[in-house]
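Structure first, then comments.
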Amino acid sequence: MARPKKTRLGEVLLEQGLLTQAQLEHALEEQKASGRKLGRILLDTGALTEPQLAQALATQLDLPFVDLRQVNLDAAAMQKLPELMARRFRAIILEDRPHSYLLGMVDPTDLFAYDEIGRVLQRRIELAVVVESTLLQLIDNTHRRTGEITTLAQELGDDMGDSVVDFANLPTQRIDEAPVVKLLQTLFEDAVQVRASDIHIEPQEAKLLIRFRIDGVMHLQTEADLKITTALVLRLKLTAGLDISEKRLPQDGRFQVRVRHQQVDVRMSTMPTQYGESVVMRLLIQHASGFSLERLGMPPALLARFRSLLHRPNGMVLVTGPTGSGKTTTLYAALSELNSTANKIITVEDPVEYRLPGINQVQVNEKIDLDFARVLRSVLRQDPDIILVGEMRDQETAQIGLRAAMTGHMVLSTLHTNDAISTPIRLIDMGAPRYMVAMSLLAVVAQRLLRMVCERCGQPHAPTPAELAWLRLELGDAAESSALVQGRGCTQCNHTGYQGRVGVYELLEMNAELTEAANQADTALFVNQARKQMAGHTLRRAAVELVLAKRTTVAEAMRISNQLEE
């Protein structure tokens, strides 16, 4: 196939009716001033979408357009084009054909890129047009750092030899020069690349396991020689400012790393185990777009009710769910909604996960008896309008928070319960007076996170007998005709069939009837009233709606159901 001919993008877009003459002239002026590519300018100004631009190029150049979300590619073939070249030229191998490669390019008119890739691949190239953002995501998932991490771990083990070294007595400069630094940097890069929320470093009897938690599920990254554990843990302790000589007690710390042009806050915890110190690191990426209620994924009707409750002058709103269900994200989104110069906002957290501008954040410290209750008493003397309490852990904290809600403050907090209905009862079981719960509690939001089906490898799925029986509980006979999907696994989702997570929510609002029922000694009365109010609006129903919308699988929805039953 001959090299692609040079063409003017503006003429293509005008001919296809995707752009007006005025839009093109404005973009061309911007191009002269900035030197940026015309296509990038049109995308940044919102004049075009990425698929529109790619399809326009494909039509003009008489090339196929390939939607990378809809095809399952061969990872071995893709890796034949080096990662640096794939990123630089925005290209990827789509098919390894007998006598040629089908190459997907964002800009097939880039003749220099075409020549360079042909020189490296040493085979005839056939071209297709692809969307840039999808291409970059696919490159991230394909060119993982697993092999490099394994190699670096092996090099570190070889450098250490068989002798036992006390790293606590080595000078810091020696540690900085060791391969351990490069190994950790590569580990963080790979974790961010695959959207891992946690890195687990776990010494076992004969090996060291390094695992990532991705979309709430643990995945093995690599296995390494056990003897490098001490070097890794020591380097991390030094970075987090922890006591490197203390190996018998758990320690907590935090530090920041810069990975792929992103600032990542790392919350680190060490724990002595039988074969050495285990380390877990929570990765908190500071998103430039910040937190917002719209990004939570709440249904519009529920979001409107939740937003209305947040703007009440006083009362308590609780967010409940198990660890890792997104409660902190919901609370921070609520704070962002309320954050203004007219409101004095103070948070009491353990630990402070994200730093929010304009908000006074306090971290509790149990070592010096600076617990939730003590900080909360002091907070009330700081004249706040809105208070966030990280968690209602004990009777004293709950009572102070409820009393603050009764005396003119908006109080936001979390509680570990299975659903919204059991939350007021849990507060009473903790020792909070019934009248205080009834008068102060405005609403409870219960939530879970569901894994979403991978857009690229999702396919129709016939439910198993157990899945069908579960669907009938919510849908009745309509379950038989429900169209379901399930991911078969591909390079984009690391062969899990899932990519990303979405929240499911239920909201219990304390109206007059529920307030009166909560004040009675018979908790069954409250439960019955609450169930009537929430009929058809439960977490289970929200999960089923996502199944019917083909955004998640029945198995994921059933997992949420099992958590509720527990």
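Here this note's numbering is used: the first residue of the sequence shown is -9, the next is one more, and so on.
Note that the Cβ used here is the ideal one computed from N, Cα and C, for glycine as well.
Which same chain residues end up closer than 7 Å to residue i when comparing Cβ atoms and leaving out the 5 residues on each side of it in sequence?
{"i": "glutamine 6", "result": "Ala46, Thr49"}
{"i": "alanine 395", "result": "Asn304, Gly305, Met306, Val401, Ser430"}
{"i": "arginine 185", "result": "Ile204"}
{"i": "aspartate 233", "result": "Gln241"}
{"i": "threonine 528", "result": "Glu496"}
With DSSP run on the structure shown, which of helix, strand or coil describes residue i?
{"i": "serine 268", "result": "strand"}
{"i": "valine 534", "result": "helix"}
{"i": "serine 123", "result": "helix"}
{"i": "isoleucine 358", "result": "helix"}
{"i": "serine 403", "result": "strand"}
{"i": "threonine 486", "result": "coil"}
{"i": "isoleucine 377", "result": "strand"}
{"i": "threonine 49", "result": "helix"}
{"i": "glutamate 187", "result": "Looking at the sequence provided, one finds serine at residue 187 rather than glutamate. Of the three classes helix, strand and coil, the one that applies to serine 187 here is strand, per DSSP."}
{"i": "methionine 396", "result": "helix"}
{"i": "phenylalanine 178", "result": "helix"}
{"i": "glutamate 549", "result": "Sequence inspection shows arginine at residue 549; the glutamate mentioned does not correspond to that position. Residue state, collapsed to three classes: helix."}
{"i": "leucine 274", "result": "strand"}
{"i": "glutamate 284", "result": "helix"}
{"i": "arginine 383", "result": "coil"}
{"i": "tyrosine 425", "result": "helix"}
{"i": "glutamine 510", "result": "coil"}
{"i": "glutamine 437", "result": "strand"}
{"i": "arginine 26", "result": "coil"}
{"i": "valine 494", "result": "strand"}
{"i": "methionine 442", "result": "strand"}
{"i": "glutamate 499", "result": "strand"}
{"i": "aspartate 166", "result": "Unreliable placement is indicated for aspartate 166, whose pLDDT of 45 sits below 50; the coordinate value is still reported in the next sentence. Aspartate 166 falls in the helix class under three-state DSSP."}
{"i": "lysine 70", "result": "coil"}
For residue i, list the residues DSSP reports as bridge partners.
{"i": "glycine 243", "result": "Met258"}
{"i": "alanine 214", "result": "Leu198"}
{"i": "asparagine 350", "result": "Ile336"}
{"i": "tyrosine 91", "result": "Asp86, Ile115"}
{"i": "glutamate 192", "result": "Leu199"}
{"i": "glutamine 253", "result": "Arg248"}
{"i": "alanine 81", "result": "Met95"}
{"i": "leucine 431", "result": "Met306"}
{"i": "histidine 209", "result": "Phe202"}
{"i": "glutamine 449", "result": "Gln476"}
{"i": "threonine 263", "result": "Gly266"}
{"i": "leucine 4", "result": "Per DSSP, none; premise fails for leucine 4."}
{"i": "phenylalanine 55", "result": "Val119"}
For residue i, which residues of its own chain have a beta-carbon under 8 Å away from its beta-carbon, when the five flanking residues on both sides are left out?
{"i": "isoleucine 335", "result": "Leu325, Leu328, Asn329, Gly348, Ile349, Asn350, Pro374, Asp375, Ile376, Ile377, Leu378"}
{"i": "leucine 366", "result": "Val338, Ile377, Val379, Thr387, Ile390, Gly391, Ala394"}
{"i": "isoleucine 107", "result": "Leu71, Met75, Phe79, Ala81, Leu93, Ile115"}
{"i": "leucine 299", "result": "Gly305, Val307, Leu432, Ala433, Glu499"}
{"i": "asparagine 501", "result": "Gln523"}
{"i": "histidine 89", "result": "Arg113, Arg114"}
{"i": "glutamine 21", "result": "Lys27, Leu28, Ile31"}
{"i": "glutamate 556", "result": "With a pLDDT of 49 at glutamate 556, under the threshold of 50, the predicted position of this residue should be treated as unreliable, though the coordinate-derived value follows. Excluding positions up to five away in sequence, the list reads Asn408."}
Apart from the five residues just before and just after residue i, which ones in its own chain have a Cβ nearer than 6 Å to its Cβ?
{"i": "arginine 238", "result": "Pro262"}
{"i": "serine 259", "result": "Asp242, Val270"}
{"i": "aspartate 616", "result": "In the structure as shown, the chain begins at -9 and stops at 556. Residue 616 is therefore absent and cannot be evaluated."}
{"i": "valine 207", "result": "none"}
{"i": "threonine 404", "result": "Val309, Lys317, Glu381"}
{"i": "glutamate 73", "result": "His133"}
{"i": "asparagine 333", "result": "Asp375, Ile376"}
Pull up the CB-CB distance for residue i and residue j, whole angstroms please, since I reckon it's below 8 Å.
{"i": "leucine 226", "j": "glutamate 213", "result": "Not confirmed; about 19 Å, so no contact."}
{"i": "threonine 124", "j": "arginine 78", "result": "Actually they are not in contact, since the Cβ atoms of threonine 124 and arginine 78 sit about 18 Å apart, beyond 8 Å."}
{"i": "leucine 228", "j": "valine 254", "result": "That belief does not hold up - the Cβ atoms of leucine 228 and valine 254 are roughly 18 Å apart, past 8 Å."}
{"i": "proline 98", "j": "leucine 111", "result": "That belief does not hold up - the Cβ atoms of proline 98 and leucine 111 are roughly 15 Å apart, past 8 Å."}
{"i": "leucine 38", "j": "leucine -1", "result": "Not really, about 10 Å apart at Cβ, beyond 8 Å."}
{"i": "valine 182", "j": "glutamine 246", "result": "Wrong, their Cβ atoms sit about 13 Å apart, outside the cutoff."}
{"i": "threonine 132", "j": "threonine 481", "result": "5 Å"}
{"i": "cysteine 447", "j": "arginine 478", "result": "5 Å"}
{"i": "arginine 558", "j": "arginine 248", "result": "Nothing about residue 558 can be read from this structure; the chain reaches only from -9 to 556."}
{"i": "leucine 346", "j": "alanine 323", "result": "The Cβ separation is near 11 Å, so there is no contact."}
{"i": "alanine 23", "j": "threonine 35", "result": "Contact doesn't hold; Cβ gap of about 13 Å is too wide."}
{"i": "glutamate 268", "j": "proline 193", "result": "The sequence shown places serine at residue 268, not glutamate. The Cβ separation is near 7 Å, so the contact holds."}
{"i": "leucine 360", "j": "valine 354", "result": "5 Å"}
Compare the C-beta of residue i with all C-beta atoms of chain B and state if any pair is closer than 8 Å.
{"i": "leucine 58", "result": "The chain labelled as chain B is not found in the depicted structure, where only one protein chain is given."}
message = Can you confirm whether the region 221 to 238 touches the region 287 to 301 when touching is taken to mean that 3 or more C-beta pairs between the two stretches lie within less than 8 Å?
response = no
ask   = Is the number of C-beta pairs between the region 419 to 428 and the region 502 to 511 that are closer than 8 Å three or more?
value = yes
ask   = Do the region 433 to 446 and the region 491 to 500 make contact, defined as three or more Cβ pairs closer than 8 Å?
value = yes
query = Touch check for the region 535 to 546 and the region 457 to 476: three-plus C-beta pairs under 8 Å?
reply = yes
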